[in-house]
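Chemist: So the sequence shown is residues 1 to 312, counted in the working numbering. Cβ coordinates follow ideal geometry from the N, Cα and C atoms, glycine included. Next up is a structure, given as structure tokens.
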Amino acid sequence: MTQPPTPQAGVPTCYRHPGRESHIRCQRCSRSICPDCMRDAAVGFQCPECVAEGRKSTRQARTAYGGLRPTNASITTIVLMAINLGVWVVIQATGRYGSRLYELFGLTPTGTCSLDDGGGFYPAVGSDAVCAQIPNTVWVPGVEDGSYWQLLSSAFTHVELWHLAVNMLALYFLGPQLEMVLGRARFLALYVLSGLAGSVLVYWAADPQGTTVGASGAIFGLMGALLVIAHKVGGNVQQLLMWLGLNAVITFTVPNVSWQGHLGGFLGGALIAAMLVYAPRGPRRTTFQVAGLVAFAALLAVAVVLRSASLA
Numbered sequence: 001m002t003q004p005p006t007p008q009a010g011v012p013t014c015y016r017h018p019g020r021e022s023h024i025r026c027q028r029c030s031r032s033i034c035p036d037c038m039r040d041a042a043v044g045f046q047c048p049e050c051v052a053e054g055r056k057s058t059r060q061a062r063t064a065y066g067g068l069r070p071t072n073a074s075i076t077t078i079v080l081m082a083i084n085l086g087v088w089v090v091i092q093a094t095g096r097y098g099s100r101l102y103e104l105f106g107l108t109p110t111g112t113c114s115l116d117d118g119g120g121f122y123p124a125v126g127s128d129a130v131c132a133q134i135p136n137t138v139w140v141p142g143v144e145d146g147s148y149w150q151l152l153s154s155a156f157t158h159v160e161l162w163h164l165a166v167n168m169l170a171l172y173f174l175g176p177q178l179e180m181v182l183g184r185a186r187f188l189a190l191y192v193l194s195g196l197a198g199s200v201l202v203y204w205a206a207d208p209q210g211t212t213v214g215a216s217g218a219i220f221g222l223m224g225a226l227l228v229i230a231h232k233v234g235g236n237v238q239q240l241l242m243w244l245g246l247n248a249v250i251t252f253t254v255p256n257v258s259w260q261g262h263l264g265g266f267l268g269g270a271l272i273a274a275m276l277v278y279a280p281r282g283p284r285r286t287t288f289q290v291a292g293l294v295a296f297a298a299l300l301a302v303a304v305v306l307r308s309a310s311l312a
């Protein structure tokens, strides 16, 4: 390979490539740079180190409520949709309602004996020993028995395709809007805590031996949050109220729809959004917001403990 000619004595050379003659200086540090090291700047050119340092010192844009403004507000929504879709695919591949994952992920307040063909649940509260005496049944532990993960896993679990499609379509439209307004971390906290709020109300008010699945609690939480934010900024909430009214009619009139999950998620999402957007402005805003989210999560945990004690 042909070597570049050695610069004459006294000729400036690139600080990163001493063998290259250079007559351009970095506008920030004044070091000589060759064409390969030149980076466009607002005025003239800068060296790679100065460009990197400038990026570190540039303050990242924030949302109106303190969160970092995402460069792509759809990423978190897409990841959440992918998780829901992945769980659905696995459950379809392992037996749908007869899938062991459906039994483990679905929210069942109290343990019960499940027919091992996926045909339903034995109508009596069971245990490992009881189920062993009933033909063709297996023991499915509930939240009361320590399966607390069901409070969250049920919010990512679907069996019917239409159920998954409706929830994911709503998430696709609502998620990016809220992430752009709140920032990624706050949006994710809103989604997860809304889903948990819906699950907690299911745990308290639904059939103790029924199984509840679906992301509807989290989706209704996003609706509640959007309503609060729209009211905060003085937006037109008429269409949103009409949409909520239609969903309320469906919730309370269509069979096998968990009104507990929908209502719990909606109230939880509205409360979380209020804590985020009405937190006092200033350097302590994030502290107030985090404290509010932690307090809400603790409240949900206390509600779960109290319900478990009442079922024991």
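Examine the ligand FAD and report whether any of its heavy atoms sits within less than 7 angstroms of the Cβ of Q239.
Modeler: By its list of ligands, the structure shown contains no ligand whatsoever, and the ligand FAD lies outside what it can speak to.
Chemist: For the alpha helix (DSSP H) that L174 lies in, which residues bound it at each end?
Modeler: L161 to L182
Chemist: Is the beta carbon of Q150 sitting closer than 8 angstroms to the one on G217?
Modeler: No. Outside cutoff.
Chemist: Count the other CB atoms, across all protein chains shown, that sit within 10 Å of the CB of C113; report buried if there are 16 or more and exposed otherwise.
Modeler: By the neighbour-count rule (16 or more Cβ atoms within 10 Å), C113 is buried.
Chemist: Hey, would you say Y15 sits closer than 8 angstroms to S32, going by beta carbons?
Modeler: yes
Chemist: May I ask you to verify whether the segment 205 to 214 touches the segment 259 to 273, counting CB pairs closer than 8 angstroms and requiring at least 3?
Modeler: Contact holds: three or more Cβ-Cβ distances are below 8 angstroms.
Chemist: Buried or exposed for P176, going by 16 or more other Cβ atoms inside 10 Å?
Modeler: buried
Chemist: If you draw a straight line from the C-alpha of P109 to the C-alpha of V130, how long is it?
Modeler: 18 angstroms
Chemist: Using 8 angstroms as the threshold, is the C-beta distance between S308 and V143 below it?
Modeler: yes
Chemist: When the Cα atoms are used, what is the spatial distance from I229 to T13?
Modeler: 57 angstroms
Chemist: DSSP three-state call for T63: helix, strand or coil?
Modeler: coil
Chemist: Quick one, which of R281, M81 and F187 has its alpha-carbon nearest A170's?
Modeler: M81
Chemist: When you compare the CB positions of C34 and P48, do they come within less than 8 angstroms of one another, or not?
Modeler: C34 is not a Cβ neighbour of P48, given a cutoff of 8 angstroms.
Chemist: Is I131 helix, strand or coil by DSSP?
Modeler: Ile is not the amino acid found at residue 131; the sequence shown has Cys there. Three-state result, C131: helix.
Chemist: Between which two residues does the alpha helix (DSSP H) carrying L306 extend?
Modeler: R285 to L311
Chemist: Go through the segment 192 to 276 residue by residue and report every complete run of the alpha helix (DSSP H) that reaches 4 residues or more, in order.
Modeler: 216 to 232 and 238 to 253
Chemist: Mind checking who S32 pairs with in its DSSP beta bridge?
Modeler: For S32, the beta-bridge partners assigned by DSSP are R25.
Chemist: How big is the Cα-Cα spacing for S22 and F45?
Modeler: The C-alpha of S22 lies about 13 angstroms from the C-alpha of F45.
Chemist: If you follow the alpha helix (DSSP H) that L104 is part of, which residue opens it and which one closes it?
Modeler: R100 to F105
Chemist: Who are the Cβ neighbours of T77 in its own chain at under 8 angstroms, not counting the five residues just before and after it?
Modeler: L171, Y172, G175, P176 and E179
Chemist: Where T157 and G195 are concerned, what is the direct C-alpha to C-alpha distance, given to the nearest angstrom?
Modeler: 12 angstroms
Chemist: Going by beta carbon distance, what residues of the same chain come within less than 6 angstroms of L293, once the five residues before and after it are set aside?
Modeler: So the list reads A189, once near-sequence residues are dropped.
Chemist: Beta-carbon separation of V159 and I91 under 8 angstroms?
Modeler: yes
Chemist: Can you tell me whether DSSP reads R186 as helix, strand or coil?
Modeler: helix
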